[in-house]
Every structure is written in structure tokens, then in C-alpha cells.
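These notes concern the structure reproduced below.
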Amino acid sequence: MATSAPPLSYSAAVVLQALVQGHRYGFDIMKLTGLPSGTVYPLLRRLEKADLVRSRWEDEDAAHQGGRPARRYYTATPEGETRLDQARRRLAAQQAAVFGELTPGEQGS
Amino acid sequence: MNHVALAVAIGLVRLAALRVPPPLRHRFIREWRAELWHESRSGTSTHPGLIRAALGAFPAASSWRAPEGDEVRTGRFGPLWSFATELRLAARSLLRSPTFAVTSILTLSLGLGGTAAMYTLVDRVLLDPLPYPEAQRLVSLSNRVPGVGADDSWAMSTAQKVYYDEHARTLEASAIYHGTGANVETPDGPIRTFGWTTTSSLFDLTGARAGVGRLLDAGDDEPGTPDVVVLSPGFWESNFGGDPAVVGRTLSIHGRPFEIVGVLDQPITLPEEPGGRRAAFWTSLKIDRGGTFYNSHVYPMIARLAPGATPQQAEGEIRSLRSRLPERFPRAYSQSFFDRYGFDTRVEPFKEKVVGAVATNLWVVLGGMAVVLVLATLNVANLTAVRLEGREREIAVRSAMGAGRGVVLGHVLSESTVLVGISAILSWGLASAALSALEQLGGGGLPRVDELSTGWASVTATLVLAGCLIAGLTAWCVTRFPRLSSSDLLGSRVSVGAGGRRRGHAVLVVAQVALALALAVWGGLLARSLDRLGASDPGVRPGNLVIGRIDLTPGRYQTDTEIWQAYRTMLEEVRALPGVESAGMAQQVPLMSDFGCIVQGFEDESVYDQLEQQGRTTCAAEMATTPGYFTTMGIPVVQGRDFTELDNDAPETGSVIVSQAFVDRFWPDRDPIGQGVAPRGRTVGPFHHVVGVVGDVAGADLEAETPVAVYYPVPEHGLVEGNWNWSPVNMHLAVRLREASVATVLPQIRSIVAAVDPGAPLSNVATLDDLLARATERLRITTRLLVLAAALAMLLASVGVYGVVSHLVARRTREIGLRIAVGAAPREVQDRFVRQSLALVVVGLALGGLLAVGTARVLEGLLHDVSVADPLALAGATGVLLAVGALASWFPARRAARLDPMAALRAE
Numbered sequence: 001m002a003t004s005a006p007p008l009s010y011s012a013a014v015v016l017q018a019l020v021q022g023h024r025y026g027f028d029i030m031k032l033t034g035l036p037s038g039t040v041y042p043l044l045r046r047l048e049k050a051d052l053v054r055s056r057w058e059d060e061d062a063a064h065q066g067g068r069p070a071r072r073y074y075t076a077t078p079e080g081e082t083r084l085d086q087a088r089r090r091l092a093a094q095q096a097a098v099f100g101e102l103t104p105g106e107q108g109s
Numbered sequence: 001m002n003h004v005a006l007a008v009a010i011g012l013v014r015l016a017a018l019r020v021p022p023p024l025r026h027r028f029i030r031e032w033r034a035e036l037w038h039e040s041r042s043g044t045s046t047h048p049g050l051i052r053a054a055l056g057a058f059p060a061a062s063s064w065r066a067p068e069g070d071e072v073r074t075g076r077f078g079p080l081w082s083f084a085t086e087l088r089l090a091a092r093s094l095l096r097s098p099t100f101a102v103t104s105i106l107t108l109s110l111g112l113g114g115t116a117a118m119y120t121l122v123d124r125v126l127l128d129p130l131p132y133p134e135a136q137r138l139v140s141l142s143n144r145v146p147g148v149g150a151d152d153s154w155a156m157s158t159a160q161k162v163y164y165d166e167h168a169r170t171l172e173a174s175a176i177y178h179g180t181g182a183n184v185e186t187p188d189g190p191i192r193t194f195g196w197t198t199t200s201s202l203f204d205l206t207g208a209r210a211g212v213g214r215l216l217d218a219g220d221d222e223p224g225t226p227d228v229v230v231l232s233p234g235f236w237e238s239n240f241g242g243d244p245a246v247v248g249r250t251l252s253i254h255g256r257p258f259e260i261v262g263v264l265d266q267p268i269t270l271p272e273e274p275g276g277r278r279a280a281f282w283t284s285l286k287i288d289r290g291g292t293f294y295n296s297h298v299y300p301m302i303a304r305l306a307p308g309a310t311p312q313q314a315e316g317e318i319r320s321l322r323s324r325l326p327e328r329f330p331r332a333y334s335q336s337f338f339d340r341y342g343f344d345t346r347v348e349p350f351k352e353k354v355v356g357a358v359a360t361n362l363w364v365v366l367g368g369m370a371v372v373l374v375l376a377t378l379n380v381a382n383l384t385a386v387r388l389e390g391r392e393r394e395i396a397v398r399s400a401m402g403a404g405r406g407v408v409l410g411h412v413l414s415e416s417t418v419l420v421g422i423s424a425i426l427s428w429g430l431a432s433a434a435l436s437a438l439e440q441l442g443g444g445g446l447p448r449v450d451e452l453s454t455g456w457a458s459v460t461a462t463l464v465l466a467g468c469l470i471a472g473l474t475a476w477c478v479t480r481f482p483r484l485s486s487s488d489l490l491g492s493r494v495s496v497g498a499g500g501r502r503r504g505h506a507v508l509v510v511a512q513v514a515l516a517l518a519l520a521v522w523g524g525l526l527a528r529s530l531d532r533l534g535a536s537d538p539g540v541r542p543g544n545l546v547i548g549r550i551d552l553t554p555g556r557y558q559t560d561t562e563i564w565q566a567y568r569t570m571l572e573e574v575r576a577l578p579g580v581e582s583a584g585m586a587q588q589v590p591l592m593s594d595f596g597c598i599v600q601g602f603e604d605e606s607v608y609d610q611l612e613q614q615g616r617t618t619c620a621a622e623m624a625t626t627p628g629y630f631t632t633m634g635i636p637v638v639q640g641r642d643f644t645e646l647d648n649d650a651p652e653t654g655s656v657i658v659s660q661a662f663v664d665r666f667w668p669d670r671d672p673i674g675q676g677v678a679p680r681g682r683t684v685g686p687f688h689h690v691v692g693v694v695g696d697v698a699g700a701d702l703e704a705e706t707p708v709a710v711y712y713p714v715p716e717h718g719l720v721e722g723n724w725n726w727s728p729v730n731m732h733l734a735v736r737l738r739e740a741s742v743a744t745v746l747p748q749i750r751s752i753v754a755a756v757d758p759g760a761p762l763s764n765v766a767t768l769d770d771l772l773a774r775a776t777e778r779l780r781i782t783t784r785l786l787v788l789a790a791a792l793a794m795l796l797a798s799v800g801v802y803g804v805v806s807h808l809v810a811r812r813t814r815e816i817g818l819r820i821a822v823g824a825a826p827r828e829v830q831d832r833f834v835r836q837s838l839a840l841v842v843v844g845l846a847l848g849g850l851l852a853v854g855t856a857r858v859l860e861g862l863l864h865d866v867s868v869a870d871p872l873a874l875a876g877a878t879g880v881l882l883a884v885g886a887l888a889s890w891f892p893a894r895r896a897a898r899l900d901p902m903a904a905l906r907a908e
């Protein structure tokens with residue numbers, strides 16, 4: 001299944017990567033990745049539709065006690081992590097091809 | 001501030017959420033609101049950053065959109081969203097019928113643009129207040145003298161000014177003024193220009209301010225104070241280079257020194273300004289309150305009403321004060337003078353005086369454009385309705401699936417919005433172009449157009465009109481689907497409710513034809529009037545003729561014989577120029593200026609009795625004339641002889657020439673040759689005896705009454721001792737050229753005049769053709785615009801008739817096919833359709849005829865020698881429209897007759 005799906009785009013991979021690193025909210029992802037909200041949210045929506053990402057709402061009562069609105073948080077599904085792994089390898093290879101001759105030291109990072 | 005930014009950001013999200021399917025919308029908003037809330041609390045984000053983040057909700061919302069259109073049509077915000085879709089659909093469907101779209105947009109934008117442009121003009125010229133402080137309280141005063149002439153109007157006298165200032169409580173302040181043409185010495189030599197002599201109160205009434213130095217003040221009005229002058233900014237710029245040091249210098253006006261005390265900040269425009277010339281200078285009018293006052297009504301007067309007073313109250317008060325004038329000014333007024341002439345003072349708003357003459361023209365053209373707009377709208381409404389009928393089945397399907405009347409509404413609303421929107425944009429461009437063209441042309445004779453621009457007035461007018469159009473079009477179309485029952489429409493192959501719809505078409509045709517006819521009659525009346533005016537004989541022979549005004553230097557001549565010598569020298573030298581056929585002079589020439597009216601004396605005293613019975617005065621247009629004038633102008637000598645040099649060289653012979661109108665008025669049943677007449681009402685001898693009668697000429701314009709003219713020789717006119725005003729120091733020189741061009745001869749004429757009198761400029765130079773064209777200019781512009789509107793209206797009406805008949809034919813294809821199949825002759829079918837539509841056209845024409853006759857009274861003031869119920873205009877317009885209507889119904893009817901019955905029956 002996973003292999004037949006189209007490869008992740010660069011920004012989709014970046015968003016997934018941010019989720020794996022533990023950034024759970026849309027705006028946190030924006031800050032980390034520098035991507036605008038108009039890119040991050042459509043991506044999250046698409047990833048969720050493809051079952052690579054799941055979203056949950058924070059506990060309403062807890063939020064209420066904290067005097068703040070409940071936020072929606074996103075986590076990567078196992079399927080999503082697998083796809084991210086594939087993408088990471090592919091992107092690393094591409095990076096090596098593009099940047100390899102200029103800055104060999106960064107290869108594989 | 002944080003709250004504000006957050007609120008704005010959340011507002012944006014809510015807006016974006018409209019694109020999210022309603023069931024999911026709440027979650028969408030909740031998530032974004034929470035994120036934005038945290039973001040604003042985190043302190044790491046700036047306000048613009050927050051807004052920018054919120055803008056991302058729009059692409060985010062798009063990603064929520066379900067691919068199926070149905071999902072979004074339901075729910076609370078459905079209609080709004082669906083309208084945006086409808087707009088796109090409408091634009092696409094219009095692109096599929098480009099002929100309909102282009103026709104509709106063109107006609108609508110012409111109607112809208114014309115109306116908006118004319119509205120801007122009306123707003124600027126007629127509705128805008130005058131640029132004076134408390135302009136609504138300014139009034140203009142003048143005197144009615146029905147005993148002299150029904151429409152005659154005299155200006156005011158110094159006596160009236162003095163007395164009303166003292167006694168009229170309804171007038172807070174007043175000013176009188178008087179225009180003077182004058183020879184002014186400038187650093188570049190003498191020029192002929194124009195200025196006002198005025199009481200200083202005029203500056204207060206018009207809110208004028210000094211740009212440099214000071215204005216005239218009450219002290220300058222006192223007799224015996226030094227002569228001072230205020231310059232207009234234009235004159236100051238062009239002759240003194242805008243030098244502020246001009247204050248204190250001396251300006252020679254008519255050979256008299258005036259001290260320059262200041263320069264106006266802004267020019268003041270007064271309605272009496274001759275031919276749009278801007279005044280160059282302002283001198284003070286000094287009234288000696290203790291001196292003698294004469295019956296001389298030459299001063300236009302403006303006044304400011306006391307707070308709360310109306311022009312009617314002021315008029316009433318002045319009428320009651322009138323009876324006391326003879327007591328205070330016995331030399332100027334008497335009760336018998338009032339009785340004889342019906343002398344009475346009129347008080348009218350100053351603005352009416354400024355714009356009065358053109359108000360009718362503007363309203364008429366605005367009305368014409370509005371009719372075109374209404375016709376265009378009716379047409380588009382009709383075409384839209386027809387298109388809608390063509391989609392009946394589709395609409396029926398949609399309503400069967402649950403779409404209500406809103407679908408039809410949404411569809412029509414969107415189509416009319418697209419059509420009217422595009423037309424409005426086009427029309428705004430059209431109106432701007434038309435107005436700037438008008439401004440470039442110098443306003444086409446209209447007052448107050450120099451600051452014209454397509455400002456908010458026209459934008460607002462266009463928007464309001466466009467809004468009304470959208471609403472109207474929609475309402476019209478929707479009401480034509482009175483009972484939209486889906487089962488009916490789906491089930492039957494024949495249209496339902498066709499009767500009601502046909503009535504709708506009938507109403508449209510009748511209305512269009514009626515309006516078009518009314519407009520055509522208006523256009524026809526004006527065109528006829530212009531035709532008459534153009535054909536009315538100015539009494540002179542056109543051709544290569546140039547006219548200019550000469551003003552001699554005052555004080556240079558002691559006697560009238562010396563004045564004659566100067567003119568004779570000029571004439572002799574001008575006649576000797578190569579290419580000049582003839583030359584002559586007279587004080588007034590046709591179409592150049594008002595001939596005025598001066599009382600005459602008669603040797604035969606029975607003339608006075610006869611005039612008394614007729615209720616007329618001895619007033620006539622009196623002027624000094626040189627030999628050669630009648631020949632040069634082409635004015636025929638109908639009896640007796642022309643002037644010769646001897647008439648001037650030997651004044652004691654006492655000759656005079658009169659016009660035919662003069663003979664008709666004063667000696668209707670006597671031989672005019674040898675009759676005695678004396679200038680300026682002198683009733684004792686010596687009299688001048690008539691040696692010839694010449695043809696009549698036009699006065700200041702072609703519409704004015706034919707002047708009753710009497711031509712005296714130059715010296716006989718006499719330099720009345722101490723009264724420079726009566727001597728012929730100003731003349732119009734007329735020169736007929738053989739083959740020479742005006743451009744080559746004019747400098748030569750100028751140098752001849754300058755050689756004889758270095759202080760005398762040649763001014764107001766014009767060719768006779770210029771004067772003739774100018775005389776018909778305003779009516780010509782109005783007529784052209786209205787004829788254009790009428791032509792458009794006819795075109796639109798014919799498109800309307802054509803559209804309706806084609807539609808009827810198309811809808812009844814099966815019926816026609818059946819008729820032809822069972823033996824009806826094609827010819828019969830054709831006639832049937834033509835008859836049906838002509839019946840409608842005739843009803844429209846009948847209504848339109850009534851409308852035209854009923855409304856044509858508005859045009860009365862514009863018509864020259866044409867009655868408002870002119871049968872030719874009415875019959876002509878009716879005939880043309882009937883022909884157009886017949887043609888427009890014949891084409892589709894022929895198509896019906898040529899139907900192949902088999903194809904027709906298979907159709908659908």
C-alpha cells in the first residue's frame with residue numbers, strides 16, 4: 001500500500017517531521033518550519049485524509065479550568081511515520097545530489 | 001490592541017469559514033480561534049503577523065471544500081455562496097450568447113453613460129450652489145417694462161439702488177455694476193479689454209478677497225475720492241507678470257489715470273460678462289447721493305436678502321416702495337412713467353439669472369438620455385426573460401429537485417448583475433470621456449463648466465442607477481414566472497402561462513414604441529427649429545467678410561467731424577489694400593451685440609398719436625454709419641439711395657437711412673422718403689430726412705426680434721457737449737475680402753488703425769461665418785444630442801419589436817408547422833405575425849403621440865418659429881417609427897412563413 005502511494009512532497013515531509021518531533025499544534029508547526037498557515041493547514045487536512053496524521057481535541061474541561069480554549073492537536077500515525085522515513089531517505093539522496101559537490105560535509109545530515 | 005487584532009483575525013477566519021461545508025464549519029472556526037488565541041497570548045507574534053496567519057484560513061478553508069457542489073448549497077450561508085457560483089455561471093452563460101451580451105451591454109452603457117454625463121452636468125451647472133457666501137440668499141433685480149415690449153427687461157438705476165438701500169428691509173445689502181469696454185495702456189501697448197465699474201459692496205456679496213493689496217471699499221464709492229482700480233488675477237499675470245509691486249502704480253484706462261490698489265485673489269464671474277470674456281479690472285462706481293438722478297436703467301443689481309426673507313417678499317416690498325420714487329427723484333420717475341410702461345421690479349434668485357438660459361436645454365437632454373436608458377433596460381429585461389423561458393425545463397428540473405423560487409431569483413439576479421456591472425464600468429468611462437471632451441470644447445456655451453469633472457456625482461449617479469437597474473430587471477423577470485410549478489413544466493411540451501407572458505411582451509413593445517415616439521418627436525421639433533433658425537435670414541450676405549471693433553482714444557477728438565476724418569482715413573486705406581473688395585463701418589453689426597434702443601423724435605407729430613394708440617414707444621436702434629457699410633455687409637437698399645461721402649462731409653444736408661422694420665412701425669402707410677426724424681428723442685429741428693430704406697438685419701442673435709434700425713451719418717450724430725457717451729467713438733469695421741485671406745489682411749488692417757489712432761485697438765475680430773455659427777451653437781448642440789438620443793431610442797425600440805416577434809415565432813414553431821401542414825398559405829402566416837405586432841406598434845404610437853404632445857411644452861422656450869404641436873414633426877416621427885416597426889416584425893415573420901412543416905413538427 002505504502003509503496004503505491006505517491007511520494008510525499010517536501011513540505012508535507014517537513015510538517016510530518018515536525019509532528020514526529022513532538023510539535024503538536026498547527027501554529028507550532030508553522031513556527032518551527034517557517035511555513036505560512038495557508039500552507040500548513042491545507043497540508044494537515046490532506047495528510048489527515050490520507051490517514052498519515054490524526055487529530056484530537058484537547059480535554060475540554062482541562063482547558064476550561066486553565067481559562068483557555070481547547071486546541072486541536074495532531075499526531076503522526078504509524079503509516080505516517082513509515083512514509084516519513086521513506087521521504088527522508090529520498091530527500092537526503094536528492095540533497096546529496098544537489099548540494100554534495102558544494103558542501104560535502106553536510107552529506108547525510 | 002491585542003484584542004482588536006485578535007477580533008479582526010477571528011473575523012477573517014469566520015469569513016473564510018463560509019467556504020467550509022456547514023457541518024464542518026464549527027470545527028474549523030473552533031480550531032483557528034484556539035490557535036489564534038494562544039498565538040496572541042504567547043507574545044511572540046506581532047499584530048500583522050496574527051492577521052497574516054489568519055489570512056491562511058482562506059486557502060485552508062478551500063481545502064475543506066467538498067468536491068460535490070451539492071454539499072455547499074445547503075445550510076445557512078448557502079445562498080451567499082451559491083450567488084458567487086451563480087455569478088460565475090452567469091458570466092459563462094453570457095459568454096455563450098455573445099450577441100445578446102454585447103447588445104445588452106452596449107445599449108445599457110450608452111443609456112447609463114449618457115444619463116450619468118448629463119446628470120453630472122445638471123448637478124454641476126444647475127444644482128450646485130454658486131461659489132458665493134450664502135449664495136441661496138443672493139437675488140438679482142431687474143425691471144419689467146411690458147409697455148416697451150412683453151419680454152423686455154431693463155436693468156436698474158442708481159436712484160433705485162440709493163432708495164432701496166435706504167428703505168427696503170428685505171434686502172440686507174446690494175450692489176450695482178456696469179460693464180465697460182476700455183482701451184487700457186499696458187507695458188506692451190494699448191489693448192482693448194473689458195472691466196466692471198461697481199459699488200464696493202459687490203466684493204462683499206461675492207465673498208471676494210484681495211490676493212495683493214486691497215479691494216475697493218466704501219470710501220472709494222464716495223464722489224471726489226481718487227480714481228482707483230483693482231485688477232483681475234488673469235490680467236495681472238499676463239500684463240504685469242504677476243508682480244506684487246504693481247500696487248501703487250498708475251493704469252491708464254480710456255486715457256484716464258487710475259491708481260492700482262490691489263489684485264483679486266480669484267476672478268469673479270458675473271452673468272452679464274460679454275461672450276465669456278473675463279473682466280480685466282474693477283473700478284468704483286461713485287454715486288452722488290445729493291446729485292441729480294436720471295431715468296437711466298443700465299446697472300445690473302444683485303442683493304443679499306435679509307435673513308428669512310424670500311424673493312417674493314422683497315418683490316412685494318419694492319413694489320410698495322415704487323410709488324414713493326417720483327417724490328424723491330422727480331427728474332427720474334413719475335407716476336405717468338410707471339403707468340405708461342407698466343414699470344415694475346422683478347426679484348429672482350441670482351442662480352436663475354446665471355443658469356436660467358440653459359436650464360431647459362440641460363433638463364431636456366437629461367430627459368432624453370433617461371428615456372434611452374429606460375428603453376435599453378426594457379430591452380434587456382425582455383431579452384433576459386426570453387432567455388429564461390428557453391431554460392424553463394432546466395429550471396423545472398432544478399425546482400423538482402428542491403430548488404425553490406430562489407433559484408430563478410438567483411439566476412436572474414446574477415445575470416443582471418454581471419450585465420449591469422460591466423455596463424456601469426463602461427458607462428463611467430463613456431461619461432468621463434464625454435465630459436472631458438465638453439470641457440475641452442470650452443463648455444459649448446454653458447456657464448459654470450470650467451471646473452467640470454466626473455466627480456462623485458456621476459459615480460453615485462451611475463451606481464444608484466445600476467442598482468435600480470439590477471433590482472428592476474430581476475423583479476421584472478421573476479414576476480413573469482408567477483406560478484412556477486415543476487410538474488406543469490416537466491409534464492407539458494407546450495408552454496404554460498403563455499398568455500400572461502405574451503401580455504408581458506405586448507406591454508414591453510407598447511412602452512418602447514411610445515417612449516421612442518415621444519423622444520423622436522422632441523428631436524424632430526428641435527431639428528425643425530434649428531432648421532428654421534439656420535434658414536432665418538440675418539439680412540446680410542455671407543462670405544469672406546471680417547468684422548472688428550474699433551474704439552478711438554477718448555479726448556483725442558474735439559468734434560464729430562474730426563472723428564469722421566479719422567474713420568474716413570482708415571476706410572480709404574483699408575479699401576486700397578490688395579484683395580479687399582469693400583469696407584464700411586457701423587456702430588452695431590448683426591449677431592455681434594445687442595442693438596439697444598434709443599427714443600427718436602419725429603417731424604410729423606401724428607406718429608406720436610399713432611404710437612400712443614398702439615401702446616408703443618419711439619424707441620429704435622440708432623447708430624452712426626459710414627458709406628460703404630451696406631454694400632460691404634450685403635444689406636440691400638430697397639428704396640432710395642445709399643450714403644455717400646457727401647452725407648458726412650456736408651452734415652448740414654441732414655440725411656438718414658432707415659430699415660424696412662422702421663418704416664413698417666412708424667410710417668406704415670406713408671412714403672418714408674423725405675420723412676423727418678431726429679436722434680435721441682429730440683423733438684425739435686433740425687430733422688434728418690430719409691434718403692433711403694434698407695433691408696432688415698438680425699439683432700444680437702437670430703432668435704431676437706428684428707431690430708427697428710435707423711442709420712445716421714457720423715458727424716450728424718453730433719458730439720453733444722460734455723457728453724462723450726453719445727459720440728460715435730466706437731465702431732464696427734466690416735471688410736469684405738475678394739481673394740485675400742483674413743490672416744494676411746488682418747495685420748495690415750491693425751497697422752492702418754494704429755497709424756491713424758495709436759491708442760485705438762482692433763478688438764472682437766470675427767468672420768461673419770463665425771458669428772453665424774455661434775448664433776446657432778447652443779441649439780445645435782442640444783438638438784444633436786437629442787436627435788442622437790431619439791435615434792438610439794428608435795433603434796432600441798426596433799430591436800425590442802424584432803426580439804418579441806422572433807420569440808413569438810420561435811415559441812409557436814409547432815403551431816405554425818401544423819397550420820402550414822394542414823394547408824395554410826405561408827403568406828397568410830407571415831401577414832398574421834406582422835398584423836399582430838403592428839397592432840401593438842400602433843397602440844404604442846397612439847400613446848406615444850399623446851405623451852409627446854403632453855410633454856413637448858417643456859421645449860417651448862427652445863423652439864424658434866415652430867409650434868410644440870408641429871404636425872410635421874409628429875407625422876414624421878410617427879411615420880418613421882411605423883416603418884421601423886413594420887420592418888422589425890417583417891423579418892421574423894418571413895422566417896415563420898418559410899418554415900418547413902416537417903422540420904417544425906419535429907422541432908423541440
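Protein sequence lines correspond, in order, to chains A and B. As numbered in the numbering used here, residues 1 to 109 make up the first sequence, in order. As numbered in the numbering used here, residues 1 to 908 make up the second sequence, in order. Just so it is clear, CB atoms sit at the ideal spot from N, CA and C, and this is done for glycine as well.
Would residue i pass as an interface residue toward chain B - the criterion being a Cβ-Cβ separation below 8 Å?
i, result
"Arg71 (chain A)", "yes"
"Arg68 (chain A)", "yes"
For residue i, which option in the options has the closest C-alpha, if you only look at C-alpha atoms?
i, options, result
"Ser436 (chain B)", "B:Asp671, B:Leu87, B:Met118 and B:Thr878", "B:Met118"
"Pro668 (chain B)", "B:Val261, B:Phe194, B:Gln614 and B:Gly539", "B:Gln614"
"Leu702 (chain B)", "B:Val691, B:His864, B:Ala303 and B:Val884", "B:His864"
"Leu375 (chain B)", "B:Ala309, B:Ala306, B:Arg331 and B:Val507", "B:Val507"
"Ala34 (chain B)", "A:Gly38, A:Ala70 and A:Gln21", "A:Ala70"
"Arg827 (chain B)", "B:Trp890, B:Val787, B:His807 and B:Thr776", "B:Trp890"
Within 8 Å (strictly less), CB to CB, does residue i reach chain A?
i, result
"Ser63 (chain B)", "yes"
"Arg14 (chain B)", "no"
"Arg33 (chain B)", "yes"
"Val4 (chain B)", "no"
Run through the DSSP bridge pairs and tell me what residue i is partnered with.
i, result
"Gly195 (chain B)", "B:Thr180 and B:Phe281"
"Asn143 (chain B)", "B:Trp154 and B:Thr345"
"Met623 (chain B)", "B:Tyr711"
What's the C-alpha gap between residue i and residue j?
i, j, result
"Leu325 (chain B)", "Arg319 (chain B)", "11 Å"
"Asp152 (chain B)", "Val145 (chain B)", "6 Å"
"Val691 (chain B)", "Asn764 (chain B)", "31 Å"
"Val98 (chain A)", "Arg88 (chain A)", "15 Å"
"Trp32 (chain B)", "Leu95 (chain B)", "39 Å"
"Ile673 (chain B)", "Ala650 (chain B)", "20 Å"
"Val412 (chain B)", "Ile268 (chain B)", "53 Å"
"Ser40 (chain B)", "Gln86 (chain A)", "37 Å"
"Leu132 (chain B)", "Pro747 (chain B)", "In the sequence under discussion, the amino acid at residue 132 (chain B) is Tyr, which differs from the Leu named in the question. Straight-line Cα distance between these residues: approximately 42 Å."
"Arg73 (chain B)", "Ala84 (chain B)", "For Arg73 (chain B), the pLDDT reaches just 40, beneath the cut-off of 50, and the residue's location in the model is therefore unreliable, although a value from the coordinates is still provided. Whole-angstrom Cα-Cα distance: 11 Å."
What are the residues in the stretch 41-60 of chain A lying within 7 Å of chain B by C-beta distance? Tyr41, Pro42, Arg45 and Arg46
Please name the residues in the stretch 4-38 of chain A whose beta-carbon is closer than 8 Å to at least one beta-carbon of chain B, in chain order. Tyr25, Gly26, Phe27, Met30, Lys31, Pro36, Ser37 and Gly38
Short of 9 Å Cβ to Cβ, which residues in the stretch 35-64 of chain B face chain A? Glu35, Leu36, Trp37, His38, Glu39, Arg41, Ser42, Thr44, Ser45, Arg52, Ala53, Ala54, Leu55, Gly56, Ala57, Phe58, Pro59, Ala60, Ala61, Ser62, Ser63 and Trp64
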